[in-house]
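Inspection log for the structure reproduced underneath, given as structure tokens.
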Amino acid sequence: MVSVPLYASFRSIGAYVPEKILSNYDLEKMVDTSDEWIIKRTGIKQRHIAATNETTSDMGAKAALLAIERAGISKEEIDLVMCATVTPDYFNMPATACIISDKIGIHNVQAFDISAACSGFVYLLTMAKAFIESGMKKNILVIGAEKFSSIVDYTDRTTCILFGDGAGAAVICASDKKEEGFIDIHASADGSYADFLMTPAPGSVHPVSQKVIDERLNFVQMKGNETFKLAVKTLTKDVQEILEKNSIKASDIPHFIPHQANYRIIKAVGDALGMREDQVVLTVHKYGNTSAASIPMAINDLYQSGKLQTGELMLLDTFGGGLTWASALLPFCGKTHS
Ligand code: UT7
4 MVSVPLYASF RSIGAYVPEK ILSNYDLEKM VDTSDEWIIK RTGIKQRHIA ATNETTSDMG
64 AKAALLAIER AGISKEEIDL VMCATVTPDY FNMPATACII SDKIGIHNVQ AFDISAACSG
124 FVYLLTMAKA FIESGMKKNI LVIGAEKFSS IVDYTDRTTC ILFGDGAGAA VICASDKKEE
184 GFIDIHASAD GSYADFLMTP APGSVHPVSQ KVIDERLNFV QMKGNETFKL AVKTLTKDVQ
244 EILEKNSIKA SDIPHFIPHQ ANYRIIKAVG DALGMREDQV VLTVHKYGNT SAASIPMAIN
304 DLYQSGKLQT GELMLLDTFG GGLTWASALL PFCGKTHS
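Once you know that position 92 of the sequence shown is 95 in my numbering, the rest is easy, because the numbers rise by one and skip nothing.
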């Protein structure tokens, strides 16, 4: 019997944004900063923050349900659940993907988390592609969800202005149509820059202790300026490589969806690639940096605006703690939002 090649098809997108807004003016009252500084240096005007009793899995579950509904399949057809997060419900176990599966009524399927910070969602797409092309899975739920506010130090003005909470999810299905498959995807990492962006505790290096609390090691720490420069360089190079490899011109990409960390990074990368403003999806002004949720939340915004049409090409590009980075070139295979 001749086996038919299988292709991973990006079938649907969903997202959840928590209700509460933390504006730059709110932050002015918390740390020594200003709305003017934050907008000028980052482009961020506000970010959404989860309620105290709202967890990463709560947000992930809401995004996931929407993505499944939009995929037009039943929950029973999902055969793998993967969640990318650095702010899991529990730091060690169980995995947030297991909790999300239970919350949305998916039982007895493989479920696990990955940790690749802001690159997590695109990392998951590389895995979804491999699972589908190997014939192991057919309908995969991929989720990027973060309650980043749970690791943000709201006394540190260099980080607390940047991050927000939220979740995004997509359903990736097996297809026998080549034109529905990912064109290309690439992910990489360099651990020698681990200390550029990290949460030192809790972990095996610093298990929970009084020292962790006293030295605030449970909060995110970032070498902002160094990370910024590397982000611009890496994001640009990554896109140039994937476009060149596939003989596609930057000007022919309808939707460039970069990680939403800082408007200045997005602008520098877009300019270096010669992208027009209408090609670049921007959400950083209203959500801030939502880490692994950033790219699926941005895709969802584009989708809900009605601008993401069936069959149109998306170029994803991301960079984050690890350091990790990834890019993907793939068509949107869901129905256009009406
Ligand atoms: O998602 C993963 C990837 N993450 C990123 O790519 C984030 C990368 N980094 C950034 O977005 C930017 O580096 C920041 C927004 C974090 C900082 O912007 P910057 O232009 O790199 O500023 P800087 O760190 O060089 O600091 C410039 C000045 C400093 O004051 P002095 O030393 O010049 O007197 C800071 O203390 O700005 C000061 N500063 C602030 N002032 C007002 C830093 N944070 C603030 C603040 N409000 N919130």
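All C-beta atoms, glycine included, are put in the ideal place defined by N, C-alpha and C.
Asked	Found
Which whole runs of the beta strand (DSSP E) in the stretch 20-96 are 3 residues long or more, in chain order?	23-26, 49-52 and 83-87
Between the alpha carbons of Thr162 and Ala204, how many angstroms are there, rounded?	17 Å
Is there a C-beta anywhere in chain B that falls below 9 Å from the one on Ser250?	In the structure shown, chain B does not exist; there is a single protein chain.
May I have the straight-line CA-CA distance separating Gly309 from Trp328, to the nearest angstrom?	28 Å
Is there at least one non-hydrogen atom of ligand 1 closer than 8 Å to the beta-carbon of Asp198?	no
Identify every residue that forms a DSSP beta bridge with Glu218.	For Glu218, which the question treats as bridged, DSSP gives no partner whatsoever.
What did DSSP end up calling Thr313 once you bin it into helix, strand or coil?	coil
Between the alpha carbons of Thr58 and Asp105, how many angstroms are there, rounded?	14 Å
Check whether the Cβ atoms of Val215 and Leu318 lie closer than 9 Å to each other.	no
Beta carbon of Val211: closer than 8 Å to some heavy atom of ligand 1?	no
May I ask you to list the residues that DSSP assigns as paired with His258?	Met317
Going by C-alpha distance, which of Asp304, Pro257 and Asp320 is nearest Gly314?	Pro257
With a 10 Å radius around its C-beta and 16 neighbouring C-beta atoms as the bar for buried, classify Thr339 as buried or exposed.	exposed
Tell me whether Gly184 sits in a helix, a strand or coil according to DSSP, three-state version.	strand
Out of curiosity, what's the CA-to-CA distance linking Pro210 and Asp320?	34 Å
How is Ile175 classed by DSSP in three states: helix, strand or coil?	strand
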